[in-house]
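Numbering (UniProt numbering), first residue to last: 1 to 152. All C-beta atoms in this analysis are idealised placements derived from N, C-alpha and C, irrespective of residue type, glycine included. These numbers come from a predicted model, not from an experiment. So the structure is just underneath, and the comments pick up after that.
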């Protein structure tokens, strides 16, 4: 009898960091959130986003990932900040390492419908995202985005 095959996510146990792009899409005072359907962060609320592809700009990645995961058409407006996401397995090996560049964007059209690797998609106010998002680094990013938006 053979052991079952374990299928690991394509980016598991990398030999170098990968560039990920998260997109903060604004519609009025609300932002677009997705509940992730795949590791890392499966089941957690996050920003739409994913890996940058070769030859793709940050803005192109942000717009593509938002459309694939939510059906929303958004116009990227600039880079807000970057954070590192490094997850280790129980033995201390690095399972995932992403440097996530967070891009802000304005909503152009569409209503959130989960697609690609998103289980759910919704618009959230600051009060709502604080109760949905569990990752402290993302909460800091969202607070920075909100503070920057209210100063403009």
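**Study point:** 8 Å Cβ cutoff met for residue 34 and residue 121
**Key:** yes
Check your understanding: residue 101 lies in the alpha helix (DSSP H); which residues open and close that run?
Key -> Premise fails: residue 101 lies in the beta strand (DSSP E), 94-109, not in any alpha helix (DSSP H).
Exercise for review: Decide if the segment 91-109 is in contact with the segment 9-23; the criterion is three or more beta carbon pairs, one per stretch, under 8 Å apart.
Suggested key: yes
Practice item. Let me know if residue 2 comes out buried or exposed under the rule of 16 or more other beta-carbons within 10 Å of its beta-carbon. Key: With a pLDDT of only 45 at residue 2, under the threshold of 50, the placement of this residue in the model should not be trusted; the figure read from the coordinates follows. So residue 2 ends up on the exposed side.
Practice item. Taking the CB atoms as reference points, tell me whether residue 125 and residue 15 lie closer together than 8 Å. Key: no
Point to revise | Residue from 62, 43, 69 with nearest C-alpha to residue 132 | key: 43
Exercise for review: May I have a chain-ordered list of the beta strand (DSSP E) segments no shorter than 3 residues that lie completely inside the segment 32-62?
Suggested key: 49-51
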